[in-house]
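**Q** Before I ask anything, let me first share the structure, which is written out below as structure tokens.
Residue numbers (the working numbering): 48 to 370.
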């Protein structure tokens, strides 16, 4: 699927180049992620490209994710060699056969700090300035999102200080690292839709202190995808030793429970609740320690997240579903 999308992007860019060469319009400038081979290659043979990427290799993974895509060179077909991988197949890569490599980015993130589920920080390095950025969004994936937005703003002429201020004022979108209070306990919603996203959520949770109390809600509705076998491509094994208790809900609650079991979570720490998202939420809250300072982390798929937020709205714990 990713390759098909990338092929279509290449067609669009090639069409634009042809129109520009023929004098049919001014063309467009590209702002591209240098760390994603499928995206970076859109800038081949073009001069009007602004690349962005993560430079701080201290936040790279020791090994690449199992769920990595676009790992072969689009120029010659050989497998890339990575000196650093960050998120999925994003990283510092080069082809040992033809020499094709990651382009040098002009907008970069350096001195990255991942503060578990609380947020992240990094130095935003632009061609003409370096500014510190504090994000109220967790995970390296959100650093990438912020970096892409910053690169686009820079291309449009927005001053560095304004970019940093805007990024620092960004709040979590509904269901995506959103934190609400249920009774006297915090509940954080961390949407997962695919292996790459699940891996990053697991990576973020692994940075939190102490044992983890989880609510994992797996649905198989149309918007989620009927095939839930992707959960076996998610690297939950790295998180399993930290799980104190996981409540599994949703239309495929049993499959979610089996996945956690094979990840290494003891059966006594896993519960299956099939009486609706409200019952699953109640079970997860009750299973957590009495100390209200201990949060519960919800990991729902897309339609499960919508159902969970509707339940939270009904209880007065959250604002409207799309607030």
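Cβ coordinates follow ideal geometry from the N, Cα and C atoms, glycine included.
Using a Cβ-Cβ cutoff of less than 6 angstroms, which residues in the same chain neighbour residue 144 once the five nearest sequence positions on both sides are dropped?
**A** Only 123, 125 meet the Cβ criterion.
**Q** Could you spell out where the beta strand (DSSP E) holding residue 317 opens and where it closes?
**A** Note, residue 317: beta strand (DSSP E), 317 to 319.
**Q** To the nearest angstrom, how far is the alpha carbon of residue 75 from that of residue 215?
**A** Approximately 29 angstroms between the Cα atoms of the pair.
**Q** Could you give the distance in angstroms between the alpha-carbon of residue 194 and the alpha-carbon of residue 324?
**A** Rounded to the nearest angstrom, the two C-alpha atoms are 35 angstroms apart.
**Q** What beta strand (DSSP E) runs, 3 residues minimum, are completely inside the segment 156 to 244?
**A** Fully enclosed beta strand (DSSP E) runs of 3 or longer: 166 to 173, 176 to 182, 223 to 229, 232 to 237.
**Q** Reducing DSSP to helix, strand and coil, say where residue 325 ends up.
**A** Residue 325 falls in the helix class under three-state DSSP.
**Q** Below 8 angstroms on the Cβ atoms is my guess for residue 222 versus residue 238; work out the distance and round it to an integer in Å.
**A** Going by Cβ atoms, the distance from residue 222 to residue 238 rounds to 5 angstroms, so yes, they are a contact pair.
**Q** For residue 296, list the residues DSSP reports as bridge partners.
**A** DSSP output for residue 296 lists 264 as bridge partner(s).
**Q** Say whether the segment 180 to 198 touches the segment 92 to 112, bearing in mind that this needs 3 or more beta-carbon pairs closer than 8 angstroms, one atom from each stretch.
**A** Flag = yes, the segment 180 to 198 and the segment 92 to 112 touch.
**Q** How about residue 343 and residue 332: are their beta carbons less than 8 angstroms apart?
**A** Cβ atoms of residue 343 and residue 332: closer than 8 angstroms.
**Q** Kindly indicate which residue of 334, 270, 211 has the alpha-carbon position closest to the one of residue 262.
**A** Per the Cα distances, 334.
**Q** What is the DSSP secondary structure of residue 291, counted as helix, strand or coil?
**A** In this structure, residue 291 counts as strand in the three-state DSSP scheme.
**Q** I'd like the span of the beta strand (DSSP E) that includes residue 347, first residue to last.
**A** 343 to 347 is the span of the beta strand (DSSP E), which, as asked, contains residue 347.
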